[in-house]
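Heads up: the structure comes next, in C-alpha cells.
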Amino acid sequence: MKANVRQLNLFPTIERGQLEGKYSSLIKERLDFRSFLGFRLNKAEPIFRWFRFKEAFSGRLVEEILTNEWKLPPDSLIFDPFAGCGTTLLTCQQSGYPAIGIDILPIAVFASKVKLHAEYDLDELRRTADELRSKPFSSTGKSFPRIRIIDLALPQEAQEKLLFYREQISNIQEPSIRDFLMLGLLTSIEEASYTSKDGQFLRLVERPPQSVEAIFESKLEEMLADLNKLDGTKQGSKTQIFLGDARRLPIQALRYKGKVSGIITSPPYLNRYDYSRTYALELCLLYNEQGEPWVKDFEGLKNIRHSLLRSHIESSPTPTNSVKVPALEEVLNCLELKQLNNPRIPIMIEGYFEDMNLATREMAKMLKPGGLVALVVDNVRFEGELIPVDLILCEIAAKHKLKALEVRVTRYKGNSSQQMGRYGRVPVRESIVFWQKEIPGGNDDLS
Ligand SMILES: C[S@@+](CC[C@H](N)C(=O)[O-])C[C@H]1O[C@@H](n2cnc3c(N)ncnc32)[C@H](O)[C@@H]1O
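The opening position of the sequence shown corresponds to residue 36 in my numbering, with each subsequent residue numbered one higher.
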C-alpha cells in the first residue's frame, strides 16, 4: 500500500506550494553570504577562535548586518537567544553595541563568558599560567563520569592529566584567571582525544591524540597572544550572557523586555546536531559556579539533552499539536504514510516548531516596536518530503506580530545520495530570515 502511494506520487504539496507563492517576492538569493555562515572565518580572528564551536556563524555576518545593513544607532540593544559561543555578543562588544545573550548549554555560556570578559591582568595571568604548566603531575584520585564515550574518546593518561589540571585550576582564587585557564583546558580536549567534531555528531577518529600538556600549552599561548595584542583590555560596550531557555526567558533577560532593537541569532537546525553529544567531553570536565561537575553521570548528560530545543531525534517531551500551520500539517500527514527510517521523526518535527513558536514569542516580547530580527535557518527533507523551515517560521512569526521582510537564500544544498536517487535532485535552502516587529498604529509597510 505504502509503495503504491509513493509510486503514484499522491503526496500533496499544495500547502507548501502556496506558501512558496505567498513569500516568493521576499525570497532573495545572496549566495555571497554563504562564506559568513559557519565557524571558518572565526578561526583567524583573535578571541573569536578561543573555543571551536562548529555550529557558530562568523563575526563577519553580524558585522555586515549590524553596521552595513541595519545601521542602528550606537546605543541600540542587541539580543541573541541562542548565543552559542557568543559570536553576536562579541561582535557587538567590539562594535560598541550593548548586548545580551542566552544559551541553555553550560559549555556555550562558559566559553562566551570568558571571551566577553572585558579586562584581564595580563601579568598575573601569564604568571599563573606559567606556574600551572610547571607543576609536576600527580594523580587526583578523581575520575570522569562513567559514560561510554569518555573511555572511547580519551586515553586513561589523558583523562588523568585533564583531571589534574582541572583540580589545579579550580584552586585559583581570581575568577577571571581561573575561567581563562579552564577555557584553555576545555578547548584542548578535542585534540587530546580520539574524536572529531567534524561530522553531525562527535566522531571517533583513528589519529593519535596529542598530549594534554602540549595541546594545553599551545592553546594557552594562542589565547595569551590574542590578549597581548589588546594589552589585556578589550574596550567596548557592555555585554552579558546568561544560562537560560529561549522558550521561557530568565528574569535577567526579561528586564530588557521591549528594549531590544535587534536580534541576530541562529537556533539549532532541525535534525542536525545534538549539542549534548557533540560537547559531551567538555560537559563532563566543566565545573559549575559551585565547583561541582555539570555532568556527574549519564543521567546528568541526558537531562541536558532533554533541556535543549527539540531539534533532535531524542527530544523530549512529546509534542501537544499546538502549532497550526497548514504547510506543516501537510508535511506531517505525508510522513504518516511513509516508511520512515526512524519513527520519531514526526515527533521531532512537531516538537521543533512548538519550541520555535515559544522562542519566537519571547523574541517578539523583547523587541521594541520596529525592532529587527535576523535568524539563520536551514530547510530539510525527510523521505522526499521537503520542509520549508524558513517559511513555516515566517508564518509563526506573523502570529507574534513579526512581519517578514526578506528570506535571504545563502546556499542550496543537495541531499543524501540515497534520497537524490529516489526523489531526484531538489535543492534545499539555507537562509537568513529577516523580520520586523509591527509598530502599533504604524504604517503597514514596515520595509
Ligand atoms: C546554531 S547554535 C548558535 C551558534 C551561535 N550563533 C554562535 O555563533 O556561536 C544554537 C545554540 O542554541 C542553543 N540552544 C539549544 N536549545 C536551546 C534553548 N532551549 N534555549 C537557548 N539556547 C538553546 C545550543 O546550545 C546552541 O548553542
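Ideal placement from N, C-alpha and C gives every residue a C-beta, glycine not left out.
Label R51 either buried or exposed according to how many other C-beta atoms from any shown protein chain fall within 10 Å of its C-beta, with 16 as the threshold for buried.
By the 10 Å Cβ count, R51 comes out buried.
If you run the structure through DSSP and keep just helix, strand and coil, what is I139?
Note: I139 maps to coil in three-state DSSP.
L407 and W105 look like a contact to me (Cβ under 8 Å); what is the Cβ gap, rounded to whole Å?
The pair is a contact, with the Cβ atoms about 6 Å apart (cut-off 8 Å).
Under 8 Å Cβ to Cβ from A362, same chain only, skipping five residues before and after it: list those, please.
Within the same chain, A362 has close Cβ partners E50, R51, Q53, L54, P423, L426, I427 and E430.
Cα-Cα separation, A38 to Q374
Since pLDDT at A38 reaches only 42, below the 50 mark, its modelled position is unreliable, and the value read off the structure follows with that caveat. Each residue's Cα considered, the two are about 9 Å apart.
Spatial neighbours of P475 within its chain, please: CB distance less than 8 Å, with the 5 preceding and 5 following residues excluded, ordered by chain position.
Apart from the 5 residues on each side of it in sequence, P475 sits with its Cβ closer than 8 Å to the Cβ of P404 in its chain, given in chain order.
Do you know whose CA, among V360, T122 and Y155, lies nearest N263's CA?
The shortest CA-to-CA distance from N263 to any of V360, T122 and Y155 is the one to Y155.
Is the beta carbon of L72 less than 8 Å from the beta carbon of T445?
The criterion of a C-beta distance shorter than 8 Å is satisfied by L72 and T445.
Within a Cβ cutoff of 8 Å, which residues of the same chain sit near E365, ignoring the five residues on either side of it in sequence?
Cβ neighbours of E365 beyond the five flanking positions: P47, T48, I49, E50 and R51.
Would you call E420 buried or exposed, if buried means 16 or more other Cβ atoms sit within 10 Å of its Cβ?
Buried, by the Cβ-count rule.
Beta strand (DSSP E) segment containing T300, residue limits
Judged by DSSP secondary structure, T300 falls within the beta strand (DSSP E) whose first and last residues are V295 to T300.
Would you list the residues sitting across from V463 in a DSSP beta bridge?
BP columns for V463 point to K448.
What is the rounded straight-line gap between the Cα of L43 and the Cα of E418?
Legend: pLDDT at L43 = 45, less than 50; position of this residue unreliable, no value from coordinates given.
Which residues DSSP lists as bridging I62, in chain order:
Per DSSP, V442.
May I ask whether a heavy atom of ligand 1 can be found less than 7 Å away from the beta carbon of I137?
If you check the C-beta of I137 against ligand 1, you find a heavy atom less than 7 Å away.
Any idea if S169 is buried or exposed, counting beta-carbon neighbours within 10 angstroms, 16 or more meaning buried?
Counting the other Cβ atoms within 10 Å of the Cβ of S169 gives fewer than 16, which makes it exposed.
Near ligand 2: L318 beta-carbon under 7 Å from a heavy atom:
The model depicted lacks ligand 2 and carries ligand 1 instead.
Whole angstroms is fine: what's the gap from K294's alpha carbon to A288's?
Between the alpha carbons of K294 and A288 lies a gap of roughly 11 Å.
Cα-Cα, which of G176, L76, P354 and K89 is closest to G234?
Measuring from the Cα of G234, the nearest candidate turns out to be K89.
What is the rounded straight-line gap between the Cα of P109 and the Cα of A146?
Going by the C-alpha atoms only, they are around 26 Å apart.
DSSP puts D280 in a beta bridge; with which residues?
Bridge partners of D280: R283.
Euclidean distance between Cα positions of G94 and A134:
If I take the Cα positions, the gap works out to 14 Å.
Of the choices L157, S311 and A118, whose alpha-carbon is the least far from that of K148?
Checked all of L157, S311 and A118; the closest Cα to K148 is A118.
Is Y291 near L112, with beta carbons less than 8 Å apart?
Using a Cβ distance threshold of 8 Å, Y291 and L112 count as a contacting pair.
Given that a residue counts as buried once 16 or more other Cβ atoms are within 10 Å of its Cβ, and exposed if not, what is T122?
It is buried - the Cβ of T122 has at least 16 other Cβ atoms within 10 Å.
Taking the DSSP output, what are the residues bridged to V247?
The partner list for V247 (beta bridge, DSSP) is empty, contrary to what the question assumes.
Rounded to whole angstroms, what's the CA-CA distance from Q245 to F277? Just pull it up for me.
Looking at the two C-alpha atoms, the distance is approximately 33 Å.
Can we count L305 as close to ligand 1, meaning its CB is less than 7 Å from some heavy atom?
No, ligand 1 has no heavy atom inside 7 Å of this Cβ.
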